[in-house]
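Asks:
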DNA sequence: ATGGATTGTTAGACTGAGTCCAGAAATAGA
DNA sequence: TCTATTTCTGGACTCAGTCTAACAATCCAT
């Protein structure tokens with residue numbers, strides 16, 4: 001299902017990782033807004049068109065780890081795991097090294113609109129996952145007001161916990177502790 | 187404080203309203219993604235640069251009414267009104283004609299990403315307002331996890347109620363009814 | 001080997017959003 | 001009339017994102 005080399009065709013160069021590394025360097029040197037896709041691909045030694053073979057937008061680079069976690073959550077839920085268990089499972093996989101680039105860039109650029117918007121798109125995805133999972137568990141309509149309200153509350157708690165974990169205690173406490181605190185409130 | 191004509195300077199042409207009207211027409215004719223800012227300003231009989239005198243981005247046009255409501259909420263909260271009362275006050279001012287363009291355009295737009303992102307930016311603003319209001323009322327730290335979780339939940343309930351009001355019952359029930367239902371759940 | 005078929009990579013042109021700036025136009029007040 | 005102030009305009013510019021046709025590297029079948 002993944003990138004198993006089972007078929008013909010030109011093999012991928014190491015493009016994806018190279019691009020990620022080049023971007024991370026440049027963002028630290030010049031900030032997110034100050035670096036262009038051209039610069040990233042030049043440093044990566046790759047053509048500009050290749051960038052869009054691997055990422056659909058520049059801001060995707062900021063959320064690589066978050067997107068990975070969201071995919072994992074989707075997998076767990078798709079495999080039939082109950083909601084809170086799936087959340088806990090994914091949270092356990094998220095180590096302290098997984099602080100997304102977006103956060104380190106947040107200071108350097110104030111609250112840039114594009115950063116906020118690209119991050120919120122991820123929040124919306126998580127919320128959608130939770131909504132369908134909750135509807136499935138409770139047997140209710142996915143579009144019912146009560147389901148929406150509760151899904152928003154749970155998603156909000158997860159995001160708040162994740163944010164607190166990042167700003168406050170990546171080293172001190174695990175993400176799971178923050179999560180259980182937050183989820184206890186809803 | 188507002189736009190009281192008290193000082194000198196060239197008076198504004200009716201540009202803002204003209205642009206809004208032209209945009210609304212074109213969005214209905216061609217969809218949001220299918221119309222350019224050039225087309226909007228041409229139909230409005232105004233230069234392209236003028237557009238950015240009145241709006242900071244194309245997607246602002248989709249959220250004019252929502253932004254107005256958010257401003258009102260901010261005013262009420264700034265005047266010292268308690269949170270739930272301020273929300274109710276603003277909700278009472280929102281009539282059925284206030285269904286934002288964004289919603290009518292949701293179908294017509296091929297990729298809804300931009301629409302979602304621009305809408306979520308508004309959600310984030312509301313959440314920020316609620317967070318500071320809640321911190322002020324409870325005397326807690328605005329950055330505390332509990333405050334964040336509860337603010338997210340309340341904001342999520344408001345958004346869910348607003349969405350249900352739009353899709354389900356603009357004509358049948360008032361926004362206030364949906365709001366009280368949703369807020370009762372958190 | 002030879003020749004597809006398939007997939008990754010590239011160059012280049014193109015669209016459109018958003019920024020910037022210098023200057024013209026329209027007003028109020030001195 | 002002159003000046004300060006504000007809006008409006010045209011044009012040039014940067015950059016993200018799309019698209020396409022060609023090129024390169026691989027596998028497989030003949």
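Chains as they are written, first to last, in this note's numbering: chain E, 1 to 186; chain G, 187 to 372.
C-beta: ideal position from N, C-alpha, C; glycine also.
Quick check on DSSP: helix, strand or coil for residue 46 of chain E?
Replies: coil
Asks: Out of E:61, E:175, E:185, point me to the one whose CA is closest to residue 100 of chain E's CA.
Replies: E:61
Asks: Within the same chain, show all residues whose beta-carbon is closer than 7 Å to that of residue 210 of chain G, passing over the 5 residues directly before and after it, in chain order.
Replies: 287
Asks: Assign residue 7 of chain E to one of three DSSP states: helix, strand, or coil.
Replies: coil
Asks: Please compile the residues from chain G whose C-beta is within a distance smaller than 7 Å of the C-beta of residue 173 of chain E.
Replies: Result: empty, since nearest Cβ-Cβ is about 11 Å, beyond 7 Å.
Asks: Which residue comes first and which comes last in the alpha helix (DSSP H) that contains residue 27 of chain E?
Replies: 15 to 30
Asks: On a Cα-Cα basis, can you pick out the residue from E:92, E:81, E:139 that is closest to residue 69 of chain E?
Replies: E:92
Asks: Please return the same chain residues whose Cβ sits closer than 7 Å to the Cβ of residue 320 of chain G, not counting the five positions on each side in sequence.
Replies: 269, 333, 336, 337
Asks: From what residue to what residue does the alpha helix (DSSP H) around residue 36 of chain E run?
Replies: Bounds of any alpha helix (DSSP H) do not take in residue 36 of chain E, whose DSSP letter is neither H nor E.
Asks: Just by C-beta distance, which residues in the segment 318 to 337 of chain G are closer than 7 Å to chain E?
Replies: 331, 332, 334, 335, 336
Asks: Going along the chain, which residues of its own chain have a beta-carbon closer than 8 Å to the beta-carbon of residue 202 of chain G, five neighbours each way excluded?
Replies: 240
Asks: Return the residue from the list E:51, E:79, E:178, E:121 that minimises the CA-CA distance to residue 38 of chain E.
Replies: E:51
Asks: Please report the straight-line C-alpha distance between residue 340 of chain G and residue 127 of chain E, rounded to a whole angstrom.
Replies: Cα-Cα distance, rounded: 15 Å.
Asks: Counting only C-beta atoms, is residue 285 of chain G closer than 8 Å to chain E at any point?
Replies: no
Asks: Closer than 8 Å by beta-carbon distance: list the chain G residues that pair up with residue 186 of chain E, in chain order.
Replies: 335, 339, 372
Asks: Kindly indicate if chain G contains any beta-carbon less than 8 Å away from that of residue 129 of chain E.
Replies: No, residue 129 of chain E lies away from the interface with chain G (no Cβ there is under 8 Å from its Cβ).
Asks: Got a sec, what are the start and stop residues for the alpha helix (DSSP H) residue 305 of chain G sits in?
Replies: 299 to 324
Asks: So residue 308 of chain G and residue 253 of chain G are supposed to be a Cβ contact under 8 Å. How far apart are they, rounded?
Replies: Taking a contact as a CB-CB distance under 8 Å, the pair residue 308 of chain G and residue 253 of chain G counts as one, their CB atoms being some 7 Å apart.
Asks: Going by beta carbon distance, what residues of the same chain come within less than 8 Å of residue 347 of chain G, once the five residues before and after it are set aside?
Replies: 361, 364, 365, 367, 368, 369
Asks: For the segment 211 to 236 of chain G, which residues have a beta carbon sitting closer than 7 Å to at least one beta carbon of chain E?
Replies: none
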